[in-house]
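Working notes, beginning with the structure itself.
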Amino acid sequence: MKNKKMGFWTVIAMTLTATIGTSIILTYGSVFALSQNNPLLMIFAWIIGGIIILPETFIMVEPTISFKENGTAYSWLRRANWKVMAFWLGWVLMLFVSAVAIATASLAITNIIKEFSGYENEYVWKFVSILILFTIGGSQIFIRNFSYNSQIVFLVIKSLPILFILILALVYGVNDDLLSSNAMKQNLKDAYIGGSLLIPAITMTMFSYSGTEIPTYVAADTKDPEKTTPRVIFAGVIIVTVVYIVYAVAILSISNIGDNKILNVFANTPKWAKIVFNSIAIILFIGAINSYLVYQTVLVKKMAEEKDLSKHFLKNSKFSDKPLNSMLLLMLLATVYIIFNDIRDLLGYFSLAVSALKTLMTTNVIYLRIKDKEYKKIYKDWLFYTFAAFSYLACILTLVGSFMLLLMGIKTEDIWKPIVMILIVILIIPVGFLKFHIQKKLENKKLQQVENDNKNQKEVTNNK
């Protein structure tokens with residue numbers, strides 16, 4: 000019996016579930032602040048963020064349908080025989096996307112608890128973040144089916160924070176300060192004069208739109224993927240953008256800005272509203288860590304299979320059958336981030352890494368479209384290369400924005416952090432060249448040994 004293929008509504012439901020949730024809670028305040036506390040500019044940032052995500056996601060459709068492989072961009076690079084760049088992409092994804100996402104969710108939990116408690120010792124809270132991370136990771140390692148059963152619960156409650164804010168806005172949304180015409184006009188002149196004003200804000204939205212590419216991951220199990228996948232991507236981005244804008248307006252209707260220029264979201268609501276919202280958010284961030292540890296280990300295992308990592312990372316836990324060493328590696332990397340960084344730093348690392356990776360992915364897809372005989376062309380050439388051009392423009396925009404995010408408000412004593420990150424990203428390439436050079440020498444040596452053994456065997460046979 001053949002597996003039933005997923006239709007449009009199933010895939011779009013999966014996309015919305017993967018995209019909408021904790022990310023908007025993490026980035027909303029930062030996007031507002033980076034938009035100069037101007038509601039209209041913030042709404043522009045969310046709209047532009049949704050628009051620029053479309054071209055780079057659309058061009059993933061063709062290779063996804065052509066090559067039904069796990070690892071997506073990582074597998075595509077190896078297919079093009081760009082082994083060094085596949086090595087680079089895998090390590091950058093693991094170090095600066097997967098581990099960063101896990102660390103961000105862990106820090107978000109303790110930031111909420113810290114705000115409630117009023118206790119300000121930074122090192123204690125970092126320790127608590129690490130403890131929470133290893134408790135969740137340990138549950139996956141030692142309890143069979145823990146991750147899958149718990150995900151059902153998290154999927155059900157994922158939309159609750161947004162729904163809760165919308166209800167609060169309907170009941171208590173009587174604040175006109177942030178939604179007045181004067182507030183909308185504030186700082187607009189600066190934005191028009193200097194176009195760079197919104198670039199960091201737009202870049203920050205990348206984290207919240209992460210997940211809209213889900214249709215490309217399940218194209219092999221989708222009905223009529225050539226038509227369904229692009230439609231789901233387009234509809235999904237539109238829906239997510241609308242949800243984020245409605246959420247933004249709802250928050251503004253119950254908020255005000257204090258003397259310290261920080262958005263006070265629950266200024267016009269009862270005290271219990273903040274407690275309820277943050278309690279739900281904590282549960283969702285726990286669910287996010289749970290999901291990241293399940294799905295991000297797929298990349299680590301793929302790298303181990305391709306020998307870009309040690310084969311030891313293929314080992315599974317004897318208790319839960321989860322990839323034990325792969326999960327431990329991600330948790331240890333996340334621990335390093337938790338110790339040395341805050342959430343703002345991590346979002347900067349994430350956006351910089353993703354921008355660089357998408358630039359490489361776009362280039363790789365163009366190459367495969369031209370060279371690979373098994374590549375299926377869905378779009379006409381003019382449409383594909385239009386997507387590619389806009390994808391490059393989006394990558395340039397977000398690369399600039401990422402550097403701006405990393406440098407904005409950074410303390411002199413912390414300047415080493417982005418420098419170390421950039422150096423690691425650069426140094427992975429020569430390490431990859433060295434790895435494949437040594438690997439090739441060993442293969443040649445082994446081949447030579449086989450030839451010598453065959454030659455000696457022939458001589459022995461002839462002498463007989």
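Using numbering that gives the first Met the number 0, read the sequence shown as starting at 0 and increasing by one per residue. Just so it is clear, CB atoms sit at the ideal spot from N, CA and C, and this is done for glycine as well.
Beta-bridge partners of I256 (DSSP): L262. Here P322 carries a strand assignment [DSSP, helix/strand/coil]. When the alpha-carbon of I250 is set against those of I11, N36, V10, A12, the nearest one is in N36. Between the beta-carbon of I161 and that of I288 there is about 20 Å, and that puts the pair past the 8 Å contact cut.
Residue pairing of T228 in beta bridges, as defined by DSSP: absent, with no partner found. Of the residues assessed, T134 falls on the exposed side of the cut-off, its CB having fewer than 16 other CB atoms within 10 angstroms.
In the DSSP annotation of this structure, the continuous segment of the alpha helix (DSSP H) that includes K113 starts and ends at 98-116. Shown here, T397 sits in a helix according to DSSP, grouped into three states.
By the Cβ test, the segment 41-58 is in contact with the segment 375-387, since at least three Cβ pairs between them sit closer than 8 Å.
According to the DSSP secondary-structure assignment, M5 is paired through a beta bridge with T221.
When Cβ pairs closer than 8 Å are counted between the two stretches, the segment 76-83 is seen not to touch the segment 259-271, the count staying below three. Cβ contact annotation for K222 (same chain, cutoff 6 Å, sequence separation greater than five): K4, G6, in chain order. Sequence-distant partners of A272 (beyond 5 residues in either direction) whose C-beta falls short of 7 Å from its own C-beta, in its chain, are L167, F265.
Separation of the CB atoms of I238 and L15 is rounded to 6 Å, and the pair is thereby assigned contact status at 8 Å. If you look at S209, you'll find it isn't in any alpha helix (DSSP H); DSSP assigns it neither H nor E. When the Cα atoms are used, S354 and M84 turn out to be separated by approximately 15 Å.
A straight line joining the alpha-carbon of M326 with that of N451 spans about 43 Å.
Here N451 carries a helix assignment [DSSP, helix/strand/coil].
Only residues of its own chain outside the window of five on either side were considered, and among them L283, F284, A287 have a CB closer than 6 Å to the CB of T21, listed in chain order.
Cβ atoms of I52 and L396 stay farther apart than 8 Å, at about 11 Å. F31 and F163 do not touch by the CB rule: their CB atoms are close to 19 Å apart, not below 8 Å. The criterion of a C-beta distance shorter than 8 Å is satisfied by M403 and I198. The Cβ atoms of L329 and G89 lie no closer than 8 Å to each other. Its chain contains A100, I101 as the residues whose beta carbon lies nearer than 6 Å to that of Y291, once the 5 sequence neighbours on both sides are disregarded; these appear in chain order.
Setting aside the 5 residues that flank it on each side, A104 is surrounded in the same chain by F284, A287, I288, each with a C-beta closer than 6 Å to its C-beta; the list follows chain order. Annotation for N340: K416 place their beta carbon closer than 7 Å to its own, counting only its chain and skipping 5 residues before and after.
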